[in-house]
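Residue numbers (the numbering used here): 5 to 341. Just so you know, even glycine gets a beta-carbon here, dropped at the ideal spot from N, CA and C. As the structure is a computational prediction, the values presented were derived from the model and not from experiment. All remarks here apply to the structure that follows.
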Ligand SMILES: Nc1nc2c(ncn2[C@@H]2O[C@H](COP(=O)(O)OP(=O)(O)O)[C@@H](O)[C@H]2O)c(=O)[nH]1
Ligand SMILES: [Mg+2]
């Protein structure tokens, strides 16, 4: 059984530290899907379990405790700025007498973390553009091609007409990886030989997608060229070339980041965003890492929606990012708080 939680926001819009009633979380069961909390088990252990132990009954609400909280958050890659914001909020709440006992600490941290990532929860809406173009960017091995496969399957199951563009022409295996995937799922893949100009492959694909009334075109790109500046220049070129056929394309520039790279993911996001405006992030491999806290750092340090999280190898493991579900998977609190 899969439990997700629906949240109910405070009518006034504000949240007060320690008052988790602002973030009411209701379990909803969905059959047949592994619970997110199991997939995020490593981060749940590094963050959730450590905090639960730290906030044991009778613990002193003092600076030592706040320092240990700080260390735990930093170790889980939550990032300095988000960590300081959370510990400061708790310090103030303790000082103001809002938090007076240990049992209030975990709900307070949960509420703070929730507030931090809630603005990043913005589902990718496929509008009526024909086609709606998703340009997928990111470094090698981040999970671009896998994510494209999962997305394509999702949209096809929703009844949309999907096409893929094999824009990673730099690596020999990359084109074949996408092609074989397309064959298995009866989804057309526009490709040229390895070494072809990526912008021209994607341009062809967009032309063909328009002619065939495709709903969603998803374009793969290379993750590494000889130099980083070549890569960024190529992405800008792809962007420009697409704009010649459709001034609104690409409708989404999706940056794929590997959660396992921790703080490095933040640096990548800043770098990519500086050359092509990134409109959405997919954070992959959250199932294999204890560094899932990087999602908080991403939310805090970059103003980019988090569209999907990758928590495994199959299509259902690319899940739309839901802040409440995410929080509850890594920092569960009991209902009676
Ligand atoms: N466990 C896990 N593995 C993933 C996830 N996403 C991608 N991978 C794996 O990461 C590896 C690299 O993925 P790939 O899509 O080829 O990366 P690309 O170079 O960016 O296209 C592959 O072995 C994928 O199966 C995920 O969410 N969870
Ligand atoms: Mg690839």
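Is it right to say residue 252 is buried, meaning 16 or more other beta carbons lie within 10 angstroms of its own, or is it exposed? exposed
Suppose the cutoff is 7 Å on Cβ atoms and the five residues either side in sequence are ignored; what does the same chain contact list for residue 70 look like? 91, 94, 95
Taking C-alpha atoms, which residue in 291, 281, 99 lies nearest to residue 67? 99
For residue 310, the nearest candidate out of 278, 273, 226 (CA to CA): Nearest to residue 310 by alpha-carbon distance, out of 278, 273, 226, is 273.
When the cut-off is 8 Å and only beta carbons count, does residue 144 lie next to chain C? This model lacks chain C altogether, as it is built from one protein chain only.
If you measure from each CB to the nearest heavy atom of ligand 2 and keep those under 7 Å, what residues do you get, in chain order? 148, 149, 172, 178, 181, 224, 227
Apart from the five residues just before and just after residue 218, which ones in its own chain have a Cβ nearer than 6 Å to its Cβ? 135, 165, 167
What is the DSSP secondary structure of residue 37, counted as helix, strand or coil? When DSSP states are grouped into helix, strand and coil, residue 37 belongs to the coil group.
Across which residues does DSSP place residue 286 in a beta bridge pair? Partner residues in the beta bridge of residue 286, as assigned by DSSP, are 260, 312.
Using 8 Å as the Cβ pair cut-off and three pairs as the minimum, do the region 152–165 and the region 274–283 touch? no
Near residue 87, which residues of its chain fall below 6 Å by C-beta distance, leaving aside the five closest residues on each side in sequence? 74, 77, 78
Helix, strand or coil at residue 59 according to DSSP, with G and I counted as helix: Correct three-state label for residue 59: coil.
Answer yes or no: do residue 296 and residue 120 have a C-beta to C-beta separation smaller than 8 Å? Using a Cβ distance threshold of 8 Å, residue 296 and residue 120 do not count as a contacting pair.
Under the rule that 16 or more other beta-carbon atoms within 10 Å means buried, what is residue 28, buried or exposed? With a pLDDT of only 47 at residue 28, under the threshold of 50, the placement of this residue in the model should not be trusted; the figure read from the coordinates follows. Exposed, because fewer than 16 other Cβ atoms sit within 10 Å of the Cβ of residue 28.
What does the Cβ neighbour count give for residue 123, buried or exposed, with the cut at 16 atoms within 10 Å? exposed
When you compare only the Cα positions, how much space is there between residue 1 and residue 216? Only positions 5 to 341 of the chain appear in this structure, which leaves residue 1 out of reach.
In angstroms with no decimal places, state the Cα-to-Cα distance between residue 111 and residue 226. 43 Å
Just curious, the alpha helix (DSSP H) that residue 245 is in, first and last residue? 232–249
Taking DSSP's pairing of strands, which residues face residue 299 in a bridge? In the DSSP output, where bridge partners are listed per residue, residue 299 has none listed.
Which residue's Cα is closest to the Cα of residue 1: 176, 149, 157? Nothing can be reported for residue 1: it is not among the residues displayed for the chain, which extend from 5 to 341.
List the endpoints of the continuous beta strand (DSSP E) containing residue 323. Element bounds for residue 323: 322–324.
Would you mind listing the beta strand (DSSP E) stretches within the region 142–192 that are 3+ residues and don't spill past its ends, in chain order? 166–169
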